[in-house]
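There are 2 protein chains.
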Amino acid sequence: MGRQREFDVEQALDAALCMFWRKGYEGTSYTDLTQATGVERPGLYSAFGNKEALFRRAIERYFTHYLDYFPVALERPTSREVVEEIFRGAAELHTRHLDRPGCLGIHGALAGSDDAEPIRQALVEARAKGEVMLRERFERAKQEGDLPPSANSAVLAAYVMTVLHGMAVQAKAGFSHDMLVAITEHALSTWPDNSSLSTGNPP
Amino acid sequence: MGRQREFDVEQALDAALCMFWRKGYEGTSYTDLTQATGVERPGLYSAFGNKEALFRRAIERYFTHYLDYFPVALERPTSREVVEEIFRGAAELHTRHLDRPGCLGIHGALAGSDDAEPIRQALVEARAKGEVMLRERFERAKQEGDLPPSANSAVLAAYVMTVLHGMAVQAKAGFSHDMLVAITEHALSTWPDNSSLSTGNPP
DNA sequence: GGAATTTAGTATCGATCGGTATGAAAAGAG
DNA sequence: CTCTTTTCATACCGATCGATACTAAATTCC
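Line order of the protein sequences matches chains A and B.
Here the UniProt record's numbering is used: the first residue of the first sequence is 1, the next is one more, and so on.
Here the UniProt record's numbering is used: the first residue of the second sequence is 1, the next is one more, and so on.
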């Protein structure tokens, strides 16, 4: 009962997400949000709660609607293909939307005032989850003989995440899609390989 | 003539630098700056100008006093040693100061409001300068036969910078020095090598 | 048709933002 | 000493921050 909403909540959330993506959590004001969503300030508060709650909703949506390639990539048959696919997905995501290059998970709140600390921590934990998923996938790869027993899954996962984070920074600085791809190709040029042809992990 | 300053300008600048390092350009308020420096607001304005000018001074100081290992590393005899030394220096810088992990050049202004755009651009350009120095060093390495002619100096330089930026993000998330070092070791595990022993660049 | 309930939109809240006017205190010049 | 110049420190500026009262409009229940 009561009056019905005149705006689509998911649509407004996506518009807010894009602003956060561009300007970060603290860099985005409610003036920005009302302009981007077309929803007046009290409307956003009633629909999402305060700014922090809105940002957390944006993070959720970012994972499900923009980082969806990540869990898909984890199902590739070999660890190398997993990483290839993740790098490919990241390079495209970071450059596809010209108005918001890079990655919300990085630019959202890398550093800021003390007020933003909970949000910064939320992003840290979200990224850590991705790293855990990668590490567990590499553990499986070792069991399957896809990665050599000497491989350190934790370090490999951290390495891949490091390259991803660096790519986000470079994308925000204006790097082209092709340049990011070239970087990832080099980043992968010495992936541990049990077929032992090129790289130096003795069997 | 006139009254003499009661505070040391360089000392105040370093204190401001550290706050910017921790909270970024927009995340640092003048309240933060006055507390960190012990200098009242008008004192900072008379000594440095406005907040943007103060931050630019902080960038300069950061390069000369914290990133000084970078130009030193460039003088190492081989490209591999250059990158090793840069990675080593970064891993230490990003974790040495527990109150401000990571890198001012990244956290200073990665994303923010439109007001911060000039500062963001200044950091983008500063990082680009470092990348150019690396690329030119790798060009020299190719001429000296240290890197194979097939090596792409621009991509290699971009790759090294990407890893450095990713390291800064990870350090800000709480990564340990040892973990960063392990990541850099993997990042270097397949550096192009003309001595052709381990990695797959045919001579 | 009311009565109840929810939303839309304006107008505004106190707090904080970056940035300054102002006058007292401290130094050198004569 | 007096005069001039610069710094220090309090107090304050308009603008913007995130967040809300409040009224009118819209919808459902009875």
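Glycine included, C-beta positions come from ideal geometry on N, C-alpha and C.
Predicted, not measured: the structure shown is a model, and the values here were computed from it.
CB contact below 9 Å: residue i versus chain A
i: Asn152 (chain B); result: yes
i: Arg127 (chain B); result: yes
i: Gln170 (chain B); result: yes
i: Ala16 (chain B); result: no
i: Ile183 (chain B); result: yes
i: Thr28 (chain B); result: yes
i: Ile59 (chain B); result: no
i: Gly112 (chain B); result: yes
i: Val83 (chain B); result: no
i: Leu13 (chain B); result: no
i: Leu164 (chain B); result: yes
i: Ile119 (chain B); result: no
i: Met179 (chain B); result: yes
i: Met133 (chain B); result: no
i: Ala122 (chain B); result: no
i: Gly130 (chain B); result: no
i: Gly108 (chain B); result: yes
Presumed contact (8 Å Cβ cut-off) between residue i and residue j, rounded CB distance
i: residue 261 (chain A); j: Leu188 (chain A); result: Outside the shown range of chain A (1 to 203) lies residue 261 (chain A), about which nothing can therefore be said.
i: Val83 (chain A); j: Leu74 (chain A); result: Rounded, the Cβ-Cβ distance is 10 Å, inconsistent with contact.
i: Leu104 (chain B); j: Phe20 (chain B); result: 6 Å
Proximity test, Cβ basis, 9 Å: residue i and chain B
i: Ser189 (chain A); result: yes
i: Thr37 (chain A); result: no
i: Val155 (chain A); result: yes
i: Ala53 (chain A); result: no
i: Ser79 (chain A); result: no
i: Arg22 (chain A); result: yes
i: Phe7 (chain A); result: no
i: Met1 (chain A); result: no
i: Met161 (chain A); result: yes
i: Thr34 (chain A); result: no
i: Asp68 (chain A); result: no
i: His186 (chain A); result: yes
i: Val72 (chain A); result: no
i: Gly89 (chain A); result: no
Under 9 Å between C-beta atoms of residue i and residue j
i: Ala158 (chain A); j: Gly24 (chain A); result: no
i: Ile106 (chain A); j: His165 (chain A); result: yes
i: Thr184 (chain A); j: Arg76 (chain A); result: no
i: Thr28 (chain B); j: Ser46 (chain A); result: no
i: Phe55 (chain A); j: Gly130 (chain A); result: no
i: His186 (chain B); j: Val155 (chain A); result: yes
i: Ala126 (chain B); j: Ala58 (chain B); result: no
i: Ala173 (chain A); j: Ala128 (chain B); result: yes
i: Asp146 (chain A); j: Thr34 (chain A); result: no
i: Glu10 (chain A); j: Arg61 (chain A); result: yes
i: Phe175 (chain A); j: Thr95 (chain A); result: yes
i: Gly49 (chain B); j: Phe7 (chain B); result: no
Exposure label - residue i; buried when at least 16 CB within 10 Å
i: Tyr66 (chain B); result: buried
i: Ala53 (chain B); result: exposed
i: Glu26 (chain B); result: buried
i: His97 (chain B); result: exposed
i: Met161 (chain B); result: buried
i: Tyr30 (chain A); result: exposed
i: Pro101 (chain B); result: buried
i: Lys51 (chain A); result: buried
i: Pro202 (chain B); result: Because the pLDDT at Pro202 (chain B) is just 37, under 50, the model does not fix this residue reliably, and the value given afterwards should be weighed accordingly. Under this definition Pro202 (chain B) is an exposed residue.
i: Val163 (chain B); result: buried
i: Val39 (chain A); result: buried
i: Arg137 (chain B); result: buried
Contact set for residue i: own chain, Cβ-Cβ below 6 Å, skip 5 residues either direction
i: Arg80 (chain A); result: Trp191
i: Ala122 (chain B); result: none
i: Ala12 (chain A); result: Thr37, Val39
Own chain, CB closer than 7 Å to residue i, minus 5 neighbours either side, in chain order
i: Lys142 (chain A); result: Pro149, Ala151, Ser153
i: Arg22 (chain B); result: Asp99, Arg100
i: Ala111 (chain A); result: none
i: Ala90 (chain A); result: Leu164, Met167
Same chain only: Cβ atoms within 8 Å of residue i, ignoring 5 sequence neighbours per side
i: Val169 (chain A); result: Gly102, Ile106
i: Cys18 (chain A); result: Ala36, His97, Asp99, Arg100
i: Glu85 (chain A); result: Tyr69, Val72, Ala73, Arg76
i: Ala116 (chain A); result: Tyr25, Glu26, Ala109
i: Gln4 (chain A); result: none
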